[in-house]
Amino acid sequence: MKRKVIATALAGLLALSACSSSGGKKADDQATKALGGGGPRIKIAMVTHSAPGDAFWDIVQKGAKSASAKDNVQFLYAADPDGGKQAQLVQTYIDQHVDGIIVTLAKPDALKDVVAKAVAAKIPVVTINSGAEDSAKFGAIAHFGQDESIAGQAAGEQLNKAGVKKAVCLIHEQGNVGLEARCAGAKKTFSGDLQNLFVQGANMPQVKSAVTAKLQADKGIDGILALNAQVALTASDAAKDAGSKAKVATFDMNKDLVTAIKDGRIQFAVDQQPYLQGYEAVDELWLYKNNGDVIGGGQPVLTGPAIVDKSNADTVAPYADRGTR
Amino acid sequence: MSQTIAPPAPADERLAARSAFRKLLGRPEIGALVGAIVLFVFFSLVADAFLRASSFSTVLYSSASMGIMAVSVSLLMIGGEFDLSAGVMVTSSALIASMFSYQLTLNVWAGVAISLVVTLALGFLNGLLYVKTGLPSFIITLGTFFMLAGLNLGFTKLITHNVATPSIEDMDGFSQARAVFARNFTVGGVQVNITVLWWIVFVAIATWLLLRTRSGNWIFAVGGSASSARAVGVPVTRTKIALFMGVSFTAWFYGMHILFNFKSVQSGEGVGNEFFYIICAVVGGCLLTGGYGSAIGAAIGAFIWGMTSNGIVYAEWNPDWFKFFLGAMLLAATVVNLVVRRRAEAGK
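The listed protein sequences correspond, in order, to chains A and B.
Sequential numbering of the first sequence, starting at 1, is according to full-length UniProt numbering.
Sequential numbering of the second sequence, starting at 1, is according to full-length UniProt numbering.
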């Protein structure tokens, strides 16, 4: 699909340059330049709700940075988990007159006004990750993300396939809408019994003891659905310690997790391809600026769920190794 | 003659018994002990799985993971100071050990040793800044807390290009280090993590230090009143710096547990845990103003924490209410603590 988009951009530029110039050679040169990420240098800012040091957002940034390198974009990044502070960061980029803003709408109410301000200042806004339902309403041109509920449903189906009957869904951040939606989605398609369990994500020994405690309290549990790679690996250790045969599955990935899938310690991972969210968002702003394109034609573009299990773990491993999957 | 001796004898016995009882009531950890017993009975009644031996081992592991830090934090609080950087310092220590070993392809023990030196230096720096500036330790360690959190993330990304360190599981020395810091062993068919033993050892050392050595008197003295302590010749500067270094020592130890138990370290972890350590110490009878408290109390505080956080899971309560239950339990334990101590003091 991306190739098609680039081809369209290329064709568009060819057409444009053909109109404005008479020389064939010049048109060819310009087209080549555009393909290689040419065009005037622009400045794009990304503001997310990430906590410092979050592995997931690190991958999003890597995607955005590699698209920026290709598109001749100066990439700026800032993040704050607090909705109000995130809005202030967006405001600072509006003040700087950047050429495009990428923002997450994890707390849509806090960001509504500032997104409107950006639109009023004629700065195109792209939303990623969370906020699919508000994106267009707020005036953003496109949205790239995973529908958490759909991803949860995919996980539920995978758990059925793995033969799990009674599972727990580990929520590692209390009050996070996206995480709740994943568990709720899984509950929808999972044919067995699924309960939520809260674990303290910032404290691995506590994650481990909470999971062990749960497995000890209910010997009938034969499945664990984690929502983060590190939590999944810890849950797998806890299951081993508790002498439980519970199968562990997860959302999101890292290098160690892919190894664990290969070893069979983890059944599967639901990957929302964060790299793609960063990459596509920058590309979209570049395409919009240079060719007026809107990927998805105003509809949210899903970047996941992509299921990684034993069958394709080898293919994904090298990318996870360098931290882009 | 037997007639004259017989009547006073029971009176003496009563007197002796009561004074021992009073003495017990006067201990800082008595309230926490009562709270712990109440909680234990409570969870035994509401959660079927709570009384199993394997469950007890899980609760102990959870308690130990808080308790190791609570030991040194309680000593520091008895000495009248706080350390808000304790939570992230654990992560710093694990990151240092992991990255030195991995990036320079050293035996992991080299990383462990380097980390010990650097982490102790961090504690020394906290102490030095405190004694040199005279600013409250709250402010000093708040500053170092943010600096460490930033350094953890900044260095990890700069060096590994990721926010977590690569796994060091396959490196030389890993299995020995794991045996020391994170091994599980079986006692009567139940798996127990070695941190539980280390925790008991640390509590024993700290209790001996507090109650049987001159340094212990110094800690109480500097926490009670630093100026009067200085007036009677207590080395206040040295004591305070040593207390901060005590915290950094346990931060190193606990950091090594995290590294060797979970193999890789997330650079953003540890934020907020400093409050849990302080809570354990306070529940265990340490006063926020210093000069009063005990290491055993902090251990009981950590045990209360472990029972509460896992008891909620054993009782299979709705996780949405987790933090409420945790807060309510801690508050209840602290109130019991307070009531018992007031009674004891009134009875003196």
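Just so it is clear, CB atoms sit at the ideal spot from N, CA and C, and this is done for glycine as well.
These numbers come from a predicted model, not from an experiment.
In its own chain, leaving out the 5 sequence neighbours on each side, no residue places its CB closer than 8 Å to the CB of Phe146 of chain B.
No Cβ of chain B is located within less than 8 Å of the beta carbon of Gly152 of chain A. Note that the region 255 to 267 of chain B touches the region 175 to 187 of chain B; at least 3 beta-carbon pairs, one per stretch, sit closer than 8 Å.
For Ser215 of chain B, the closest alpha carbon among the candidates B:Leu243, B:Ser228, B:Thr195 and B:Trp199 is that of B:Leu243. Under the three-state reduction of DSSP, Val308 of chain A is assigned to strand.
When A:Lys112, A:Leu276, A:Ile221 and A:Thr259 are compared, the shortest CA-CA separation from Ala269 of chain A is found for A:Thr259.
Neighbourhood of Ile200 of chain B in chain A, by CB distance below 8 Å: empty, with the nearest CB roughly 17 Å away. When Cβ-Cβ separations below 8 Å define contact, Gly323 of chain A makes contact with chain B. The C-alpha of Gln96 of chain A is placed about 15 Å away from the C-alpha of Arg41 of chain A. Interface annotation, Glu274 of chain B: not in contact with chain A, CB-CB separation never under 8 Å. For Ala20 of chain B, the three-state secondary structure derived from DSSP is helix. Contact annotation for Ser209 of chain A against chain B: Thr58, Tyr61, Ser62 and Asn310 [CB-CB distance below 7 Å, chain order]. Contact between the region 232 to 247 of chain A and the region 272 to 279 of chain A is not established, with fewer than three Cβ pairs separated by less than 8 Å. Contact with chain A is absent for Val190 of chain B, since none of that chain's Cβ atoms lies less than 8 Å from the residue's Cβ. Look at Gln267 of chain A here: in three-state DSSP terms it is strand.
Closer than 8 Å at the C-beta level to chain A, one finds these residues of the region 248 to 271 of chain B: His257, Ile258, Asn261, Phe262, Lys263, Ser264, Gln266, Ser267, Gly268, Glu269, Gly270 and Val271.
Out of B:Gly284, B:Leu60, B:Ala332 and B:Leu142, the CA that lies nearest to the CA of Ile30 of chain B is found in B:Gly284. Tyr254 of chain B carries a helical assignment under DSSP once its states are collapsed to helix, strand and coil. By the Cβ rule, the region 162 to 172 of chain B does not count as touching the region 223 to 238 of chain B, because fewer than three pairs are nearer than 8 Å. Interface residue (Cβ-Cβ distance to chain A less than 8 Å): Tyr102 of chain B is not classified as such. Ile102 of chain A sits in a strand when the DSSP states are folded into three classes. Only buried fits His49 of chain A, as 16 or more other CB atoms lie within 10 angstroms of its CB.
In the structure shown, Val199 of chain A adopts coil according to DSSP, grouped into three states.
Of all residues in the region 141 to 154 of chain B, only Ala149, Gly150, Asn152 and Leu153 come within less than 9 Å of chain A when Cβ atoms are compared, listed by chain position. Here Asn318 of chain B carries a coil assignment [DSSP, helix/strand/coil].
Per the C-alpha coordinates, the member of B:Val88, B:Ser137, B:Thr133 and B:Leu60 positioned closest to Glu81 of chain B is B:Ser137. Look at Asp271 of chain A: its C-beta is not under 8 Å from any C-beta on chain B. With a beta-carbon spacing of about 19 Å, Asn129 of chain A and Gln230 of chain A fall beyond the 8 Å limit used to define contacts. In this structure, the CA atom of Lys188 of chain A is about 6 Å from the CA atom of Gln153 of chain A. Contact with chain B is found for Ala51 of chain A, since one of that chain's Cβ atoms lies less than 8 Å from the residue's Cβ. Annotated three-state conformation of Val73 of chain A is strand, per DSSP. Measuring C-alpha to C-alpha distances from Ser92 of chain B to each of B:Leu148, B:Phe21 and B:Phe253 identifies B:Leu148 as the nearest.
Separation of the CB atoms of Gly100 of chain A and Val119 of chain A is rounded to 12 Å, and the pair is thereby denied contact status at 8 Å. With a 10 Å radius around the Cβ and a threshold of 16 neighbouring Cβ atoms, Thr315 of chain A comes out exposed.
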